[in-house]
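Take a look at the structure set out below.
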Amino acid sequence: STCDGVDYHEALFTEMASILSNDNDDDDDDNGIFGKACPIYKLHGNIPHAERNSILRKFGQGANGSSTNGRAALLLATDVAARGLNLPGVDWTVQYDPPCEVADYAHRAGRAARAGKGGHSLLFLLPSERAFLDVLEMKGCQNMTALSLTSTLNEAAKIFCGNLQQDGEKRSGGGYGTSKAGRSGEAFCAEIQHRLEECVVEDTAKAKADAASAAKAAALASGGKRTRKKPKKEKVEGRLLEMARSAYTSYICSYPTKEKAVRHIFSARALHLGHVARSFALKEPPKALVKAQVRSEATTNASSMMETEGRKRRKSKALTFQDPVIDDSNNDSEIARQIISKRPKHTPREVMLGADKRVDNKQARALLHARATRLQGMDAM
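For reference, each letter of the sequence shown is one residue, going 152 to 532 in the working numbering.
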(Lines of atoms letter the chains of each structure in order from A; the text may use other names.)
(Lines give C-alpha, C1' and ligand atoms only; values in the text may rest on other atoms or scores of the structure.)
Protein backbone atom coordinates (compact mmCIF):
# COMPACT_ATOMS: atom_id res chain seq x y z
CA SER A 152 0.00 0.00 0.00
CA THR A 153 1.05 3.57 -0.64
CA CYS A 154 0.29 6.79 1.22
CA ASP A 155 -1.67 8.09 -1.77
CA GLY A 156 -3.70 4.88 -1.89
CA VAL A 157 -4.57 5.03 1.81
CA ASP A 158 -5.56 8.71 1.58
CA TYR A 159 -7.75 8.10 -1.45
CA HIS A 160 -9.60 5.04 -0.17
CA GLU A 161 -10.24 6.68 3.20
CA ALA A 162 -11.67 9.76 1.46
CA LEU A 163 -13.73 7.67 -0.98
CA PHE A 164 -15.19 5.32 1.64
CA THR A 165 -15.99 8.28 3.88
CA GLU A 166 -17.69 10.37 1.17
CA MET A 167 -19.94 7.73 -0.39
CA ALA A 168 -23.36 6.80 0.95
CA SER A 169 -23.83 3.77 3.18
CA ILE A 170 -24.43 0.38 1.53
CA LEU A 171 -25.92 -1.25 4.63
CA SER A 172 -29.54 -2.21 4.07
CA ASN A 173 -30.34 -2.02 7.80
CA ASP A 174 -29.02 1.54 8.19
CA ASN A 175 -32.19 3.52 8.93
CA ASP A 176 -30.52 6.83 9.72
CA ASP A 177 -31.56 9.56 7.30
CA ASP A 178 -29.06 12.17 8.44
CA ASP A 179 -26.97 13.79 5.72
CA ASP A 180 -23.96 13.65 8.03
CA ASP A 181 -24.21 9.87 8.16
CA ASN A 182 -21.86 9.31 5.22
CA GLY A 183 -19.47 6.43 4.78
CA ILE A 184 -19.62 3.08 3.09
CA PHE A 185 -20.75 1.48 6.37
CA GLY A 186 -22.44 4.54 7.87
CA LYS A 187 -22.18 5.02 11.60
CA ALA A 188 -21.87 1.28 12.16
CA CYS A 189 -18.16 1.28 11.31
CA PRO A 190 -15.96 4.42 11.49
CA ILE A 191 -13.00 4.50 9.11
CA TYR A 192 -9.50 5.72 10.01
CA LYS A 193 -6.22 6.00 8.10
CA LEU A 194 -2.58 5.63 9.13
CA HIS A 195 0.64 6.12 7.18
CA GLY A 196 4.08 7.66 7.54
CA ASN A 197 3.14 11.15 6.34
CA ILE A 198 0.66 11.69 9.18
CA PRO A 199 2.08 13.71 12.11
CA HIS A 200 3.00 11.77 15.23
CA ALA A 201 0.40 13.42 17.46
CA GLU A 202 -2.35 12.68 14.94
CA ARG A 203 -1.20 9.06 14.70
CA ASN A 204 -1.57 8.61 18.45
CA SER A 205 -5.07 10.08 18.32
CA ILE A 206 -6.07 7.76 15.45
CA LEU A 207 -4.71 4.68 17.20
CA ARG A 208 -6.51 5.60 20.40
CA LYS A 209 -9.85 6.03 18.63
CA PHE A 210 -9.41 2.87 16.59
CA GLY A 211 -8.39 0.87 19.66
CA GLN A 212 -11.45 2.03 21.54
CA GLY A 213 -13.70 1.10 18.62
CA ALA A 214 -12.10 -2.30 18.16
CA ASN A 215 -12.43 -3.10 21.86
CA GLY A 216 -16.03 -1.89 21.94
CA SER A 217 -15.37 0.33 24.96
CA SER A 218 -16.73 3.55 23.50
CA THR A 219 -18.66 2.56 20.36
CA ASN A 220 -21.07 0.05 21.96
CA GLY A 221 -19.38 -2.91 20.36
CA ARG A 222 -19.45 -1.56 16.80
CA ALA A 223 -16.67 -2.36 14.35
CA ALA A 224 -13.86 -0.04 13.28
CA LEU A 225 -11.76 -0.05 10.11
CA LEU A 226 -8.13 1.13 9.84
CA LEU A 227 -6.58 1.65 6.40
CA ALA A 228 -2.80 1.64 6.76
CA THR A 229 0.51 1.16 5.01
CA ASP A 230 3.34 -0.99 6.38
CA VAL A 231 3.86 1.61 9.09
CA ALA A 232 1.22 -0.38 11.03
CA ALA A 233 2.86 -3.76 10.37
CA ARG A 234 5.14 -3.66 13.41
CA GLY A 235 5.19 -2.26 16.90
CA LEU A 236 1.44 -1.82 17.39
CA ASN A 237 -0.43 -3.64 20.13
CA LEU A 238 -4.16 -3.55 19.35
CA PRO A 239 -5.79 -6.36 21.35
CA GLY A 240 -9.25 -5.99 19.81
CA VAL A 241 -8.27 -6.59 16.17
CA ASP A 242 -10.08 -9.62 14.70
CA TRP A 243 -9.09 -9.38 11.04
CA THR A 244 -6.08 -8.16 9.09
CA VAL A 245 -6.75 -7.81 5.36
CA GLN A 246 -3.65 -7.56 3.17
CA TYR A 247 -5.11 -6.03 0.04
CA ASP A 248 -1.60 -5.49 -1.42
CA PRO A 249 1.11 -8.13 -0.91
CA PRO A 250 4.02 -6.99 1.29
CA CYS A 251 7.26 -5.71 -0.20
CA GLU A 252 9.24 -8.16 1.95
CA VAL A 253 8.24 -11.73 2.76
CA ALA A 254 8.98 -11.24 6.46
CA ASP A 255 6.41 -8.44 6.61
CA TYR A 256 3.62 -10.92 5.91
CA ALA A 257 3.98 -12.49 9.35
CA HIS A 258 4.24 -9.07 11.01
CA ARG A 259 1.08 -7.89 9.25
CA ALA A 260 -0.85 -11.01 10.17
CA GLY A 261 0.44 -10.73 13.74
CA ARG A 262 -1.60 -7.57 14.35
CA ALA A 263 -4.60 -9.88 14.91
CA ALA A 264 -4.98 -12.64 17.55
CA ARG A 265 -3.12 -10.72 20.26
CA ALA A 266 -2.84 -11.74 23.92
CA GLY A 267 -4.02 -15.31 23.35
CA LYS A 268 -7.16 -14.33 21.43
CA GLY A 269 -8.24 -15.74 18.09
CA GLY A 270 -7.95 -13.86 14.84
CA HIS A 271 -7.92 -14.12 11.05
CA SER A 272 -5.73 -12.83 8.25
CA LEU A 273 -6.76 -12.50 4.61
CA LEU A 274 -4.38 -12.01 1.68
CA PHE A 275 -5.51 -10.92 -1.80
CA LEU A 276 -3.51 -12.26 -4.74
CA LEU A 277 -3.93 -12.04 -8.50
CA PRO A 278 -3.76 -15.26 -10.58
CA SER A 279 -0.29 -14.17 -11.76
CA GLU A 280 0.86 -13.94 -8.12
CA ARG A 281 0.06 -17.50 -6.99
CA ALA A 282 3.76 -18.34 -6.80
CA PHE A 283 3.96 -16.04 -3.77
CA LEU A 284 2.15 -18.75 -1.75
CA ASP A 285 5.02 -21.18 -2.41
CA VAL A 286 7.47 -18.59 -1.11
CA LEU A 287 5.40 -18.16 2.06
CA GLU A 288 5.30 -21.92 2.63
CA MET A 289 9.08 -22.09 2.25
CA LYS A 290 9.33 -19.40 4.94
CA GLY A 291 7.24 -21.46 7.36
CA CYS A 292 3.70 -20.15 6.77
CA GLN A 293 1.70 -23.36 6.73
CA ASN A 294 -2.01 -24.30 6.72
CA MET A 295 -3.10 -21.48 4.45
CA THR A 296 -6.57 -22.01 3.00
CA ALA A 297 -7.77 -20.63 -0.31
CA LEU A 298 -11.18 -18.96 -0.23
CA SER A 299 -13.61 -18.97 -3.13
CA LEU A 300 -14.27 -15.40 -4.22
CA THR A 301 -17.61 -16.35 -5.77
CA SER A 302 -18.96 -18.03 -2.64
CA THR A 303 -17.66 -15.22 -0.42
CA LEU A 304 -19.43 -12.55 -2.50
CA ASN A 305 -22.61 -14.61 -2.62
CA GLU A 306 -22.67 -14.86 1.17
CA ALA A 307 -22.04 -11.13 1.50
CA ALA A 308 -24.91 -10.38 -0.88
CA LYS A 309 -27.31 -12.56 1.13
CA ILE A 310 -26.36 -11.52 4.66
CA PHE A 311 -26.76 -7.75 4.81
CA CYS A 312 -26.69 -6.20 1.35
CA GLY A 313 -29.68 -7.70 -0.43
CA ASN A 314 -30.68 -4.36 -1.96
CA LEU A 315 -27.29 -4.10 -3.69
CA GLN A 316 -27.82 -7.43 -5.40
CA GLN A 317 -31.26 -6.38 -6.62
CA ASP A 318 -29.99 -3.02 -7.89
CA GLY A 319 -27.13 -4.74 -9.68
CA GLU A 320 -29.45 -7.17 -11.40
CA LYS A 321 -31.75 -4.34 -12.51
CA ARG A 322 -28.84 -2.26 -13.78
CA SER A 323 -27.53 -5.19 -15.82
CA GLY A 324 -30.94 -5.66 -17.45
CA GLY A 325 -31.14 -9.21 -16.19
CA GLY A 326 -27.68 -10.06 -17.45
CA TYR A 327 -26.73 -11.76 -14.20
CA GLY A 328 -30.02 -13.66 -14.04
CA THR A 329 -32.30 -13.55 -11.02
CA SER A 330 -32.73 -17.33 -10.98
CA LYS A 331 -29.03 -18.13 -10.89
CA ALA A 332 -27.94 -17.90 -7.28
CA GLY A 333 -24.32 -18.49 -8.31
CA ARG A 334 -24.12 -15.04 -9.94
CA SER A 335 -25.70 -13.00 -7.18
CA GLY A 336 -22.24 -12.06 -5.95
CA GLU A 337 -21.39 -10.60 -9.37
CA ALA A 338 -24.47 -8.38 -9.28
CA PHE A 339 -23.57 -7.33 -5.73
CA CYS A 340 -19.99 -6.49 -6.76
CA ALA A 341 -21.07 -4.63 -9.93
CA GLU A 342 -23.44 -2.40 -7.95
CA ILE A 343 -20.72 -1.48 -5.45
CA GLN A 344 -18.39 -0.68 -8.35
CA HIS A 345 -21.06 1.54 -9.89
CA ARG A 346 -21.66 3.43 -6.63
CA LEU A 347 -17.94 4.01 -6.11
CA GLU A 348 -17.53 5.40 -9.61
CA GLU A 349 -20.62 7.59 -9.23
CA CYS A 350 -19.22 9.00 -6.00
CA VAL A 351 -16.10 10.19 -7.87
CA VAL A 352 -18.21 11.60 -10.74
CA GLU A 353 -20.54 13.46 -8.36
CA ASP A 354 -17.59 14.95 -6.51
CA THR A 355 -16.21 16.33 -9.80
CA ALA A 356 -19.63 17.71 -10.77
CA LYS A 357 -19.88 19.44 -7.40
CA ALA A 358 -16.40 20.96 -7.83
CA LYS A 359 -17.38 22.32 -11.27
CA ALA A 360 -20.59 23.81 -9.89
CA ASP A 361 -18.68 25.49 -7.06
CA ALA A 362 -16.13 26.89 -9.53
CA ALA A 363 -18.90 28.24 -11.77
CA SER A 364 -20.59 29.90 -8.78
CA ALA A 365 -17.30 31.46 -7.70
CA ALA A 366 -16.65 32.79 -11.22
CA LYS A 367 -20.15 34.25 -11.39
CA ALA A 368 -19.72 35.92 -8.00
CA ALA A 369 -16.37 37.38 -9.11
CA ALA A 370 -17.96 38.75 -12.29
CA LEU A 371 -20.74 40.40 -10.29
CA ALA A 372 -18.22 41.86 -7.85
CA SER A 373 -16.25 43.43 -10.71
CA GLY A 374 -19.38 45.25 -11.89
CA GLY A 375 -19.46 43.56 -15.27
CA LYS A 376 -16.37 45.39 -16.55
CA ARG A 377 -14.87 43.85 -19.64
CA THR A 378 -11.16 43.18 -19.83
CA ARG A 379 -9.02 42.97 -22.93
CA LYS A 380 -7.56 39.65 -21.97
CA LYS A 381 -9.89 36.72 -21.89
CA PRO A 382 -9.66 34.82 -18.61
CA LYS A 383 -7.96 31.48 -19.09
CA LYS A 384 -10.34 28.63 -18.40
CA GLU A 385 -8.84 26.10 -16.06
CA LYS A 386 -10.00 22.52 -16.12
CA VAL A 387 -11.83 21.89 -12.86
CA GLU A 388 -11.61 18.41 -11.39
CA GLY A 389 -12.86 16.99 -8.15
CA ARG A 390 -10.67 16.21 -5.18
CA LEU A 391 -11.52 12.50 -5.33
CA LEU A 392 -10.60 12.28 -9.02
CA GLU A 393 -7.20 13.87 -8.44
CA MET A 394 -6.57 11.59 -5.45
CA ALA A 395 -7.63 8.54 -7.49
CA ARG A 396 -5.16 9.38 -10.26
CA SER A 397 -2.34 9.88 -7.77
CA ALA A 398 -3.19 6.60 -6.02
CA TYR A 399 -3.29 4.74 -9.35
CA THR A 400 0.09 6.12 -10.43
CA SER A 401 1.64 5.36 -7.04
CA TYR A 402 0.35 1.79 -7.16
CA ILE A 403 1.79 1.14 -10.63
CA CYS A 404 5.17 2.58 -9.60
CA SER A 405 5.34 0.68 -6.31
CA TYR A 406 4.06 -2.68 -7.59
CA PRO A 407 7.43 -4.08 -8.80
CA THR A 408 9.38 -2.69 -5.81
CA LYS A 409 9.56 -6.00 -3.97
CA GLU A 410 12.57 -7.78 -2.54
CA LYS A 411 14.78 -9.67 -4.97
CA ALA A 412 13.48 -13.12 -4.00
CA VAL A 413 9.94 -12.38 -5.22
CA ARG A 414 10.53 -9.60 -7.73
CA HIS A 415 9.98 -11.99 -10.65
CA ILE A 416 6.47 -12.76 -9.34
CA PHE A 417 5.29 -9.15 -9.23
CA SER A 418 5.93 -7.92 -12.74
CA ALA A 419 4.18 -4.73 -13.82
CA ARG A 420 3.85 -6.16 -17.33
CA ALA A 421 1.50 -8.84 -15.98
CA LEU A 422 -0.97 -6.21 -14.74
CA HIS A 423 -4.09 -5.35 -16.71
CA LEU A 424 -3.91 -1.57 -16.40
CA GLY A 425 -7.57 -1.12 -17.30
CA HIS A 426 -8.66 -3.43 -14.49
CA VAL A 427 -6.32 -1.70 -12.07
CA ALA A 428 -7.87 1.65 -13.01
CA ARG A 429 -11.36 0.26 -12.39
CA SER A 430 -10.25 -0.95 -8.97
CA PHE A 431 -9.61 2.73 -8.12
CA ALA A 432 -13.13 3.65 -9.34
CA LEU A 433 -11.71 5.36 -12.42
CA LYS A 434 -13.59 5.35 -15.70
CA GLU A 435 -10.74 6.82 -17.73
CA PRO A 436 -8.47 4.58 -19.83
CA PRO A 437 -4.85 4.20 -18.68
CA LYS A 438 -3.47 6.47 -21.44
CA ALA A 439 -5.76 9.30 -20.41
CA LEU A 440 -4.73 8.80 -16.79
CA VAL A 441 -1.05 9.08 -17.67
CA LYS A 442 -1.63 12.27 -19.70
CA ALA A 443 -3.65 13.82 -16.88
CA GLN A 444 -0.97 12.94 -14.33
CA VAL A 445 1.81 14.39 -16.50
CA ARG A 446 -0.21 17.58 -16.99
CA SER A 447 -0.81 17.87 -13.25
CA GLU A 448 2.87 17.30 -12.44
CA ALA A 449 3.92 19.92 -15.02
CA THR A 450 1.59 22.49 -13.44
CA THR A 451 2.90 21.65 -9.98
CA ASN A 452 6.54 21.88 -11.09
CA ALA A 453 5.95 25.25 -12.77
CA SER A 454 4.36 26.72 -9.65
CA SER A 455 7.14 25.33 -7.43
CA MET A 456 9.79 26.84 -9.73
CA MET A 457 8.11 30.24 -9.48
CA GLU A 458 8.05 29.96 -5.69
CA THR A 459 11.74 28.99 -5.66
CA GLU A 460 12.70 31.97 -7.82
CA GLY A 461 10.72 34.26 -5.52
CA ARG A 462 12.51 32.89 -2.47
CA LYS A 463 15.90 33.40 -4.16
CA ARG A 464 15.08 37.04 -4.92
CA ARG A 465 13.93 37.71 -1.37
CA LYS A 466 17.04 36.02 0.00
CA SER A 467 19.38 38.05 -2.19
CA LYS A 468 17.68 41.26 -1.04
CA ALA A 469 17.99 40.23 2.60
CA LEU A 470 21.74 39.62 2.22
CA THR A 471 22.44 43.14 0.86
CA PHE A 472 24.45 45.23 3.35
CA GLN A 473 24.37 49.02 3.11
CA ASP A 474 27.26 49.77 5.48
CA PRO A 475 30.39 47.63 5.07
CA VAL A 476 32.30 46.57 8.16
CA ILE A 477 35.76 48.21 8.24
CA ASP A 478 38.52 47.93 10.82
CA ASP A 479 39.48 51.52 11.80
CA SER A 480 42.72 50.36 13.41
CA ASN A 481 44.34 49.86 10.01
CA ASN A 482 46.14 52.75 8.31
CA ASP A 483 44.53 52.05 4.94
CA SER A 484 40.98 52.15 6.35
CA GLU A 485 40.30 55.74 5.32
CA ILE A 486 41.24 55.07 1.70
CA ALA A 487 39.18 51.88 1.70
CA ARG A 488 36.21 53.73 3.23
CA GLN A 489 36.31 56.30 0.44
CA ILE A 490 36.50 53.65 -2.26
CA ILE A 491 33.57 51.63 -0.87
CA SER A 492 31.33 54.57 0.03
CA LYS A 493 31.50 55.90 -3.52
CA ARG A 494 30.44 52.48 -4.91
CA PRO A 495 31.73 53.15 -8.44
CA LYS A 496 30.05 51.47 -11.40
CA HIS A 497 33.37 50.47 -12.99
CA THR A 498 35.14 47.22 -12.20
CA PRO A 499 37.59 46.77 -9.28
CA ARG A 500 40.49 46.48 -11.72
CA GLU A 501 39.71 49.94 -13.12
CA VAL A 502 39.73 51.34 -9.57
CA MET A 503 43.20 49.96 -8.95
CA LEU A 504 44.57 51.57 -12.15
CA GLY A 505 46.16 55.00 -11.79
CA ALA A 506 46.41 57.83 -14.30
CA ASP A 507 49.27 56.09 -16.09
CA LYS A 508 47.19 52.91 -16.43
CA ARG A 509 49.41 51.12 -13.92
CA VAL A 510 48.20 49.21 -10.90
CA ASP A 511 48.17 51.34 -7.73
CA ASN A 512 49.45 48.86 -5.13
CA LYS A 513 48.30 50.93 -2.18
CA GLN A 514 44.74 51.22 -3.40
CA ALA A 515 44.68 47.54 -4.36
CA ARG A 516 45.79 46.50 -0.86
CA ALA A 517 43.21 48.80 0.73
CA LEU A 518 40.42 47.45 -1.43
CA LEU A 519 41.33 43.83 -0.77
CA HIS A 520 41.64 44.49 2.96
CA ALA A 521 38.23 46.18 3.05
CA ARG A 522 36.61 43.26 1.25
CA ALA A 523 38.17 40.71 3.59
CA THR A 524 37.03 42.71 6.63
CA ARG A 525 33.49 42.94 5.24
CA LEU A 526 33.37 39.16 4.71
CA GLN A 527 34.52 38.59 8.29
CA GLY A 528 31.73 40.83 9.50
CA MET A 529 29.16 38.89 7.46
CA ASP A 530 30.38 35.59 8.93
CA ALA A 531 30.05 36.99 12.43
CA MET A 532 26.43 38.00 11.70
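For every residue, glycine included, the Cβ atom is placed at its ideal position computed from N, Cα and C.
Excluding the 5 residues flanking residue i on each side, which residues of the same chain have their C-beta closer than 8 Å to its C-beta?
i, result
"Gln344", "Arg429, Ala432"
"Glu161", "Ile191, Tyr192, Lys193, Leu227"
"Trp243", "Ala263, Gly270, His271, Ser272, Leu273"
"Glu280", "Pro249, Ile416, Phe417"
"Leu287", "Val253, Tyr256, Met295"
"Asn182", "Thr165, Glu166, Met167, Ala168, Ser169"
Per DSSP, what kind of secondary structure is residue i in: helix, strand or coil?
i, result
"Val286", "helix"
"Leu277", "coil"
"Val351", "helix"
"Val231", "helix"
"Thr303", "helix"
"Ser335", "helix"
"Gln293", "coil"
"Pro437", "helix"
"Asn182", "coil"
"Met167", "coil"
"Cys251", "coil"
"Phe210", "helix"
"Asn237", "coil"
"Glu385", "coil"
"Gly425", "helix"
"Gly319", "helix"
"Gly156", "helix"
"Leu298", "coil"
"Asn512", "helix"
"Tyr406", "coil"
"Ser373", "coil"
"His415", "coil"
"Arg262", "coil"
"Asn197", "coil"
"Ala517", "helix"
"Lys268", "coil"
"Ala432", "coil"
Skipping 5 residues on each side, what residues in its chain have a beta carbon closer than 6 Å to that of residue i?
i, result
"Asp354", "Gly389, Leu391"
"Leu225", "Cys189, Ile191"
"Arg222", "Ala188"
"Ala257", "none"
"Arg522", "none"
"Ser152", "Thr229, Asp248"
"Asp318", "Glu342"
"Phe210", "Tyr192, Ala224, Leu226"
I'd like to confirm the pairing. Which residues does DSSP put opposite residue i in its beta bridges?
i, result
"Tyr192", "Leu226"
"Val245", "Leu273"
Distance, Cα to Cα, residue i vs residue j?
i, j, result
"Met289", "Ala419", "24 Å"
"Lys434", "Leu424", "12 Å"
"Leu236", "His426", "33 Å"
"Asn197", "Cys404", "18 Å"
"Ala307", "Asp361", "38 Å"
"Arg334", "Ala232", "36 Å"
"Tyr247", "Gln212", "24 Å"
"His195", "Asp230", "8 Å"
"Lys386", "Ser299", "44 Å"
"Ala201", "Asp155", "20 Å"
"Cys350", "Gly291", "43 Å"
"Ser397", "Asn294", "37 Å"
"Val157", "Leu207", "15 Å"
"Arg203", "Arg234", "14 Å"
"Leu371", "Ala363", "12 Å"
"Ala341", "Ala421", "24 Å"
"Glu393", "Leu171", "27 Å"
"Lys359", "Lys367", "12 Å"
"Ser205", "Leu238", "14 Å"
"Asn305", "Arg322", "18 Å"
"Ala260", "Ala365", "49 Å"
"Thr400", "Met167", "22 Å"
"Arg265", "Ile184", "28 Å"
"Asp245", "Ala297", "A quick correction: the sequence has Val, not Asp, at residue 245. So the two alpha carbons sit approximately 14 Å from each other."
"Val352", "Pro437", "17 Å"
"Ala395", "Ala282", "29 Å"
"Leu284", "Leu277", "11 Å"
"Leu315", "Ser373", "49 Å"
"Thr165", "Leu526", "58 Å"
Can you find a CB in chain C that lies within less than 7 Å of the CB of residue i?
i, result
"Tyr406", "You won't find chain C in this structure, because it holds only one protein chain."
Tell me which residues share the same chain as residue i and place their Cβ nearer than 7 Å to its Cβ, disregarding the 5 neighbours each side in the sequence.
i, result
"Glu348", "Ala432, Lys434"
"Lys409", "Cys251, Phe417"
Shorter than 6 Å, the distance from the beta carbon of residue i to the closest heavy atom of the ligand PLP, or not?
i, result
"Pro190", "No copy of the ligand PLP occurs in the structure displayed, which carries no ligand at all."
Count the CB pairs spanning the segment 244-262 and the segment 404-418 that are closer than 8 Å, and state whether there are at least three. yes
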